[in-house]
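Chains as they are written, first to last, in our numbering: chain X, 23 to 286; chain R, 123 to 296. Ideal Cβ positions, reconstructed from N, Cα and C, are used throughout, including at glycine. Being a predicted model, the structure only gives us computed values, none of them experimental.
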Amino acid sequence: MNNNHIHHDSGISLEYMLLLLIVIILMLYILAAVLSNRRHKKWPLQRTLFWTFGVLCAAAALIGPLANRAHMDFTAHMLSHLLLGMLAPILIALAAPMTLVWRTLHVKTARRLSNLLKSWPVRTISDPVVAAFLNLGGLWILYMTNLYSAMQQNILLHLFMHLHIFIAGYLFTISMIYIDPTPHRSSFIYRAIVLVIASASHGILAKYIYAQPPNGVPAAQAEIGSMIMYYGGDAIDAILIFIFCLQWFKASRPKTKTYESASS
Amino acid sequence: MMKGYDLMDAETKKTNYSDHSAYSKRNLWSGILFGLGLVAFIDETLFHQLLHWHHFYDKSTTDIGLVSDGLFHAFSWFATIGSLFMVADLRRRNALWLKRWWSGMMLGGGGFQLYDGIIQHKLMGIHQIRYVENVLIYDLVWNILAAAMILIGISLIFKMQKDPKLLRDKATNE
Numbered sequence: 023m024n025n026n027h028i029h030h031d032s033g034i035s036l037e038y039m040l041l042l043l044i045v046i047i048l049m050l051y052i053l054a055a056v057l058s059n060r061r062h063k064k065w066p067l068q069r070t071l072f073w074t075f076g077v078l079c080a081a082a083a084l085i086g087p088l089a090n091r092a093h094m095d096f097t098a099h100m101l102s103h104l105l106l107g108m109l110a111p112i113l114i115a116l117a118a119p120m121t122l123v124w125r126t127l128h129v130k131t132a133r134r135l136s137n138l139l140k141s142w143p144v145r146t147i148s149d150p151v152v153a154a155f156l157n158l159g160g161l162w163i164l165y166m167t168n169l170y171s172a173m174q175q176n177i178l179l180h181l182f183m184h185l186h187i188f189i190a191g192y193l194f195t196i197s198m199i200y201i202d203p204t205p206h207r208s209s210f211i212y213r214a215i216v217l218v219i220a221s222a223s224h225g226i227l228a229k230y231i232y233a234q235p236p237n238g239v240p241a242a243q244a245e246i247g248s249m250i251m252y253y254g255g256d257a258i259d260a261i262l263i264f265i266f267c268l269q270w271f272k273a274s275r276p277k278t279k280t281y282e283s284a285s286s
Numbered sequence: 123m124m125k126g127y128d129l130m131d132a133e134t135k136k137t138n139y140s141d142h143s144a145y146s147k148r149n150l151w152s153g154i155l156f157g158l159g160l161v162a163f164i165d166e167t168l169f170h171q172l173l174h175w176h177h178f179y180d181k182s183t184t185d186i187g188l189v190s191d192g193l194f195h196a197f198s199w200f201a202t203i204g205s206l207f208m209v210a211d212l213r214r215r216n217a218l219w220l221k222r223w224w225s226g227m228m229l230g231g232g233g234f235q236l237y238d239g240i241i242q243h244k245l246m247g248i249h250q251i252r253y254v255e256n257v258l259i260y261d262l263v264w265n266i267l268a269a270a271m272i273l274i275g276i277s278l279i280f281k282m283q284k285d286p287k288l289l290r291d292k293a294t295n296e
């Protein structure tokens with residue numbers, strides 16, 4: 023019940039701060055879309071919807087009933103992690119936030135930003151292998167060490183881990199599918215191999231959690247949580263694999279004359 | 123949908139013959155990947171979810187069993203989706219060759235089932251087919267079926283190689 027006293031002291035104000043932050047993030051995107059519509063062609067509505075649902079998925083893992091239950095219930099925790107670390111990143115990637123930032127900013131600032139994105143640190147962490155290590159490595163450490171139980175005691179550690187899960191999930195997603203302009207591109211086959219190994223690692227970790235629950239997690243909760251991680255991960259991975267294959271399919275479109283006459 | 127291809131001019135059709143041999147490998151691989159994915163999918167939905175014969179986790183599972191299961195599970199998921207995009211790719215190139223594709227599917231499906239039935243179930247102990255006394259019967263049916271699928275796949279491929287007419291067979295005729 024130590025959650026209660028956290029909530030009474032700093033929890034409420036922290037929750038309000040997070041809520042405020044989420045509303046600001048939602049508003050900023052819509053504001054940027056409206057502002058840039060004056061100078062460019064209309065920003066597609068579906069991207070704004072992707073952004074909204076993406077932010078809401080992440081928000082559900084941070085505040086509200088699911089996030090509150092996740093403190094005590096491992097199955098709720100696992101569900102919130104799927105939303106925060108897998109589904110929200112895909113939706114947010116589909117919202118093409120960098121493209122929106124680019125067309126909203128002035129040319130000079132936009133160029134500076136694009137130089138930053140071309141720098142070697144960004145190139146390094148957006149490499150599929152590095153992004154996969156940050157993403158899956160974080161999860162293995164979280165569930166196979168004492169970090170999970172420590173996280174439930176320390177609110178700051180808890181916040182940091184959630185931030186890490188989201189950012190690493192997003193990095194991994196944008197290292198796999200290219201929605202925004204991507205200066206450093208990897209070949210499809212390289213990304214496919216990393217994607218399969220990363221999702222295998224996710225499934226293996228899920229079964230390890232079933233076999234050896236993290237400290238302080240009852241076996242029954244660990245078993246259901248493990249299955250949510252395994253099958254929920256599959257379901258969301260299917261979306262990622264589908265987009266990835268679709269991009270591959272489009273990129274390998276035949277450009278011969280035979281095709282032109284066949285398609286007409 | 124198939125009808126659309128019949129409407130194409132003769133010149134396009136002529137080029138298709140060479141496409142078929144050029145894309146015959148891709149047809150085979152698309153089938154193999156789909157077969158692997160399909161068998162893994164049936165395994166998951168029918169035996170794990172609907173019948174509850176297979177267990178999600180068995181204490182006898184070795185570490186290498188977990189890794190193998192994880193890799194094949196992830197790969198089969200990717201293969202199912204990817205192989206269907208390969209079919210779409212072959213179709214837009216007018217190079218889908220169903221007989222070749224089916225032989226690949228038999229080979230991939232049977233191959234994975236045999237690996238699952240002998241290496242994963244028996245050697246790595248990830249789980250049994252069903253938790254009953256006479257599991258041997260289940261194992262026999264499982265693996266003989268797998269071997270039969272492989273044999274059908276191989277015989278189809280040999281038939282195609284013996285008969286050069288079949289090699290030129292058009293996808294649209296099937």
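With contacts defined by Cβ atoms closer than 8 angstroms, residue 235 of chain R and residue 189 of chain R do not form a contacting pair. No Cβ of chain R is located within less than 8 angstroms of the beta carbon of residue 130 of chain X. Residue 198 of chain R is positioned such that its CB atom lies closer than 8 angstroms to that of residue 158 of chain R.
For residue 222 of chain R, the enclosing alpha helix (DSSP H) covers residues 220 to 236.
For the region 218 to 246 of chain X, the beta-carbon criterion of a distance under 9 angstroms to any beta-carbon of chain R is satisfied by 218, 219, 220, 221, 222, 223, 224, 225, 226, 227, 228, 229, 230, 232, 233 and 245.
Rounded to the nearest whole angstrom, the CA to CA distance from residue 150 of chain R to residue 225 of chain R is 7 angstroms. About 6 angstroms separates the beta carbons of residue 55 of chain X and residue 122 of chain X, which is inside the 8 angstroms limit, making them a contact pair. DSSP, reduced to helix, strand and coil, places residue 276 of chain X outside both helices and strands of the structure shown, so it counts as coil. Rounded to whole angstroms, the gap between the alpha carbons of residue 220 of chain R and residue 206 of chain R is 13 angstroms. When DSSP states are grouped into helix, strand and coil, residue 128 of chain X belongs to the coil group. Along the region 177 to 199 of chain R, going in chain order, the ones with a CB nearer than 7 angstroms to a CB of chain X are 178, 179, 188, 189, 192, 193, 195, 196, 197 and 199. Taking all protein chains shown into account, residue 182 of chain X has fewer than 16 neighbouring C-beta atoms within 10 Å of its C-beta and is therefore exposed. For residue 230 of chain X, the closest C-alpha among the options R:178, R:233 and R:168 is that of R:178. The way I'd put it, the region 183 to 202 of chain X does touch the region 149 to 161 of chain X; three or more beta-carbon pairs between them come closer than 8 angstroms. Residues of the region 212 to 224 of chain R with a C-beta atom less than 9 angstroms from some C-beta of chain X are 214, 215 and 216, listed in chain order.
A residue is called buried once 16 or more other Cβ atoms fall within 10 Å of its Cβ, and residue 238 of chain X, having fewer, is exposed. In the three-state DSSP reduction, residue 283 of chain R falls in the helix class (H, G or I). Close CB contacts of residue 273 of chain X within its chain, under the 8 angstroms cut and outside five residues either way in sequence, are with 210 (chain order). By the C-beta criterion, the region 67 to 74 of chain X is judged to be in contact with the region 115 to 132 of chain X, since at least 3 inter-stretch pairs fall below 8 angstroms. Collapsing the DSSP output to three states places residue 173 of chain X in a helix.
With a cutoff of 8 angstroms on beta-carbon distance, residue 89 of chain X and residue 102 of chain X are scored as near each other.
Put simply, the backbone Cα of residue 214 of chain X is about 44 angstroms away from that of residue 35 of chain X. With respect to chain R, the C-beta atom of residue 154 of chain X has no partner C-beta closer than 8 angstroms.
For residue 47 of chain X, the enclosing alpha helix (DSSP H) has its first and last residue at 34 to 59. Here DSSP, grouped into helix, strand and coil, assigns residue 229 of chain X to helix.
Each of X:166, X:132, X:180 and X:176 was checked against the Cα of residue 226 of chain X, and the nearest Cα belongs to X:166.
If you draw a straight line from the Cα of residue 244 of chain X to the Cα of residue 98 of chain X, it comes to about 11 angstroms.
For residue 159 of chain R, the enclosing alpha helix (DSSP H) starts and ends at 146 to 164. Under the Cβ distance rule, residue 95 of chain X does not count among the residues neighbouring chain R, no pair being separated by less than 8 angstroms. At a beta-carbon threshold of 9 angstroms, none of the residues of chain X lie near residue 156 of chain R; the nearest stands roughly 13 angstroms away.
Distance check between residue 86 of chain X and each of X:104, X:207 and X:37 places X:37 closest, using alpha-carbon atoms only. Residue 200 of chain R: member of the alpha helix (DSSP H) spanning 185 to 214, first to last residue. The C-alpha of residue 129 of chain X is placed about 43 angstroms away from the C-alpha of residue 222 of chain X.
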